[in-house]
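Visitor: The structure follows.
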Amino acid sequence: MKKSNIAGWKDVFSFTFIQTIKNKAFIISFLITLVLSLVSIPFLNLIKGGGNTEDRISPVKKVYIENKTSLGSMDFKEVKNNKEFSHISFETMEETFEEVSSRIEEKESDSIILSIAEDQAQYSLNFIKSSKGHLEEGDLGPLADEVTKQFQLYKNSALKISDDQLNMINAKVDTLVNLADANGKEIVKEDSSISGSEYSFIYGLLFILLMVNMIASTQIAHSIVTEKSTRVIEYLLTSVKPLAIIVGKILAMLTAVVLQIVSMIVVVFISNKIASSLNPGSGESVLSQYLPENIFGNLNIFNLALSLILIVLGLIFYATLAGLTGATVSKVEEINEALKLFNFTNLIGSYIAIGAAIVLMIGGVNGFIIFSFLFPLSSPYILPGAILIGKASLPIVATSIALQLVFIILLFRFVAKVYETLILHNGNAIKIKDLFKISKTV
């Protein structure tokens with residue numbers, strides 16, 4: 005690949021980038037993304053039930069206690085010490101269950117029945133509300149938690165269980181199994197598996213990268229085939245080499261996508277700050293509640309740079325494939341059919357990455373995990389997340405980056421041989437075997 009073959013790519017880059025960000029569809033989607041990112045954390049906090057609940061008054065007014073146990077009387081008056089429940093009246097149920105439930109259903113929609121049952125030393129607490137009233141399941145949650153705590157105290161007192169005995173019953177028991185060789189020397193086996201939250205983080209990042217990659221690559225393919233079908237490409241070829249066109253277009257589209265991603269990340273952190281300021285008593289941000297605990301220990305400039313390099317190289321690799329795919333067809337209506345193979349290739353990489361994340365959670369690092377870290381189709385999806393949670397060593401990362409660069413260079417060499425023929429081709433879609441024939445004849 006000669007330097008003269010990509011001369012003029014900067015002009016193509018500037019033109020494509022400016023036209024992309026001026027496009028109405030891009031502007032609208034960009035604004036929608038920013039708005040959704042801004043409201044994402046407060047909305048997550050809202051549906052999670054965040055906020056300071058200590059001063060939130062329970063909508064429940066009265067609790068009828070149906071005690072069917074042998075533990076004796078329970079009035080739950082201690083629950084009223086909590087400001088949230090101080091207004092609630094606890095009353096032992098003297099009428100039949102049917103009479104009280106009927107009254108709650110018809111008149112006392114803000115009252116509930118607490119039915120305490122016993123079966124072979126097993127106890128159950130059931131909270132029954134009106135099916136027609138305004139009380140929701142979430143309204144009963146805080147009260148149910150407080151009542152359950154108080155019931156445990158009543159039960160321990162009735163069964164004459166002391167605090168020391170209770171501590172002994174609830175004491176944590178740790179079991180440690182050590183392996184030894186034939187000489188009796190301990191074999192140290194490190195647990196390299198990941199937690200559920202770490203898996204969720206890797207999967208979430210993988211899903212975002214997959215969506216970004218497919219959207220950006222599809223835009224590149226559509227842009228190239230559109231210009232081919234409208235003869236714009238013929239005017240470009242009078243002053244710019246074919247390879248410079250695809251290089252400029254790929255980098256312009258990826259820059260626009262990266263701009264969207266960075267803006268989205270910045271706005272998400274702003275959204276997190278807003279949610280934290282609206283909830284000053286929580287003690288931690290909403291975002292930190294969903295991220296793995298150890299991610300901040302690995303979140304440094306070096307690891308972020310490595311992750312970004314892998315993501316960018318992966319996007320360039322897939323975008324080049326998409327550009328090559330777009331050049332193999334001559335009509336816009338043929339592009340979706342041509343992109344099937346590209347999307348299949350993309351999915352192979354993402355499915356390998358998903359499988360690796362599952363294996364990493366179940367069994368830790370093994371041969372398949374190392375393969376997924378190094379394989380150019382899957383490494384851009386799985387390795388950035390693995391780096392940020394501290395499950396990828398520097399030699400593995402360096403080898404993966406080197407392999408990505410080698411494959412990108414080989415792909416660009418191949419594209420340099422066939423792209424000029426493809427970009428001027430008008431007719432039936434070119435098959436994969438035809439591409440290799442063209443590369444041998446050029």
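Each residue of the sequence shown is one higher than the one before, counting from 5 in my numbering.
Note that beta-carbon positions come from the ideal geometry of N, C-alpha and C, so glycine has one too.
Note that this is a predicted model, so its numbers are computed, not measured.
Run through DSSP, which three-state label would Phe-379 get?
Guide: coil
Visitor: Pull up the CB-CB distance for Leu-42 and Val-271, whole angstroms please, since I reckon it's below 8 angstroms.
Guide: Contact between Leu-42 and Val-271 holds, since their C-beta atoms are separated by about 5 angstroms, short of 8 angstroms.
Visitor: For the beta strand (DSSP E) holding Lys-66, just list the boundary residues, first then last.
Guide: 66-72
Visitor: May I ask you to report which of helix, strand or coil DSSP gives Gln-408?
Guide: helix
Visitor: Determine the DSSP secondary structure at Ile-22, reduced to helix, strand or coil.
Guide: helix
Visitor: Out of Ala-323, Asp-15 and Leu-40, which has the shortest C-alpha to C-alpha gap to Met-268?
Guide: Leu-40
Visitor: Any chance the stretch 351-358 sits against the stretch 381-388, with 3 or more Cβ pairs inside 8 angstroms?
Guide: yes
Visitor: Do the stretch 58-76 and the stretch 302-310 touch if we need at least three Cβ pairs shorter than 8 angstroms?
Guide: no
Visitor: With 16 other CB atoms within 10 Å as the buried threshold, where does Pro-399 fall?
Guide: Exposed: under 16 other Cβ atoms inside 10 Å.
Visitor: How big is the Cα-Cα spacing for Tyr-385 and Val-401?
Guide: 13 angstroms
Visitor: Report yes if the CB atom of Phe-34 is closer than 7 angstroms to the CB atom of Gln-264, and no otherwise.
Guide: Yes.
Visitor: Ser-62 to Lys-153, Cα distance in whole Å?
Guide: Taking the straight line joining both Cα atoms gives about 17 angstroms.
Visitor: Name the DSSP bridge partner or partners of Gln-126?
Guide: Asp-123
Visitor: Name, in chain order, the residues that DSSP records as bridge partners for Glu-95.
Guide: Tyr-68
Visitor: Under the rule that 16 or more other beta-carbon atoms within 10 Å means buried, what is Val-83, buried or exposed?
Guide: buried
Visitor: Rounded to a whole number of angstroms, what is the C-alpha to C-alpha distance between Glu-140 and Val-262?
Guide: 43 angstroms
Visitor: Taking the straight line between their C-alpha atoms, what separation do you get for Ser-196 and Leu-210?
Guide: 20 angstroms
Visitor: For Gly-327, count neighbouring C-beta atoms within 10 Å of its own C-beta (all shown protein chains included) and say buried if the count is 16 or more, exposed if not.
Guide: With at least 16 other beta carbons inside 10 angstroms of its own, Gly-327 counts as buried.
Visitor: Can you look up Ser-33 in the DSSP assignment and give me helix, strand or coil?
Guide: helix
Visitor: Using the beta-carbon count (16 or more within 10 Å), is Leu-414 buried or exposed?
Guide: exposed
Visitor: Compare the C-alpha of Met-257 against each of Leu-312, Asn-27 and Gly-12 and name the closest.
Guide: Asn-27
Visitor: In this structure, does DSSP put Phe-306 in helix, strand or coil?
Guide: Helix, per DSSP.
Visitor: Pick from Asp-168, Lys-136, Asn-160 and Leu-118: whose alpha carbon is nearest that of Ser-145?
Guide: Per the sequence shown, the amino acid found at residue 145 is Gly instead of Ser. When each option's Cα is compared against that of Gly-145, the closest is Leu-118.
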